[in-house]
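**Q** Before I ask anything, here is the structure I am working with.
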Amino acid sequence: KNSDAPELLQQLPLEIINNIPEEGLCVYTDGSRDDRSHTGIGVYIKRPDGDINIKMRNPNSCSVFRSCSPAS
Numbered sequence: 013k014n015s016d017a018p019e020l021l022q023q024l025p026l027e028i029i030n031n032i033p034e035e036g037l038c039v040y041t042d043g044s045r046d047d048r049s050h051t052g053i054g055v056y057i058k059r060p061d062g063d064i065n066i067k068m069r070n071p072n073s074c075s076v077f078r079s080c081s082p083a084s
């Protein structure tokens, strides 16, 4: 909102991220479309015992919105 200080809105996510315990699990997701209209999803899981990276191309009929939904 316009009444919220931009500095505070930028600082809050950093504080949350920095307070995740080292043994914690971080999951990052994304869905995107390339210049040929191919969509896909990606999931990156950061774990203390090893990271996991998953990438998957979606069927041609999938929209970017639909691509992002399974990733999250």
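Letter by letter, the sequence shown follows residues 13 to 84 of the numbering used here. Think of the CB as a built atom: it goes at the ideal place given N, C-alpha and C, for glycine as much as any other residue. From a predicted model like this one, the values you see are computed outputs, not experimental measurements.
(1) State the DSSP-derived secondary structure class of N72, mapped to helix, strand or coil.
(2) Thinking just about the alpha-carbon of each residue, which of I64, S49, H50 is nearest to the one in Y56?
(3) Based on the DSSP secondary-structure assignment, which residues constitute the bridge partners of I64?
(4) Could you tell me the alpha carbon to alpha carbon distance between I53 and G62, rounded to whole angstroms?
(5) Ordered along the chain, which non-local residues of its own chain (more than five positions away) have a Cβ less than 6 Å from that of K67?
(6) At the level of alpha carbons, what is the spacing between D42 and P18?
(7) Looking at R59: is its Cβ nearer than 8 Å to the Cβ of T51?
**A** Well, looking at it:
(1) Taking the first residue of the sequence shown as position 1, residue 72 is located at position 60. If DSSP states are grouped into helix, strand and coil, N72 belongs with coil.
(2) Position 44 of the sequence shown, counted from the start, is the residue given in the question as residue 56. When I64, S49, H50 are compared, the shortest CA-CA separation from Y56 is found for I64.
(3) Taking the sequence shown and counting its residues from 1, one reaches residue 64 at position 52. Bridge partners of I64: I57.
(4) In the sequence shown, residue 53 corresponds to position 41, counting from 1. In the sequence shown, residue 62 corresponds to position 50, counting from 1. Those two C-alpha atoms are separated by around 21 Å.
(5) Here the question's residue 67 lines up with position 55 in the sequence shown. Within the same chain, and ignoring the five residues on either side of K67 in sequence, the residues whose Cβ sits closer than 6 Å to its Cβ are G54.
(6) By one-based count along the sequence shown, residue 42 stands at place 30. By one-based count along the sequence shown, residue 18 stands at place 6. Near 25 Å, if we compare the C-alpha coordinates of P18 and D42.
(7) Start at 1 with the first residue of the sequence shown, and residue 59 comes out as number 47. Start at 1 with the first residue of the sequence shown, and residue 51 comes out as number 39. No, they are not a contact pair.
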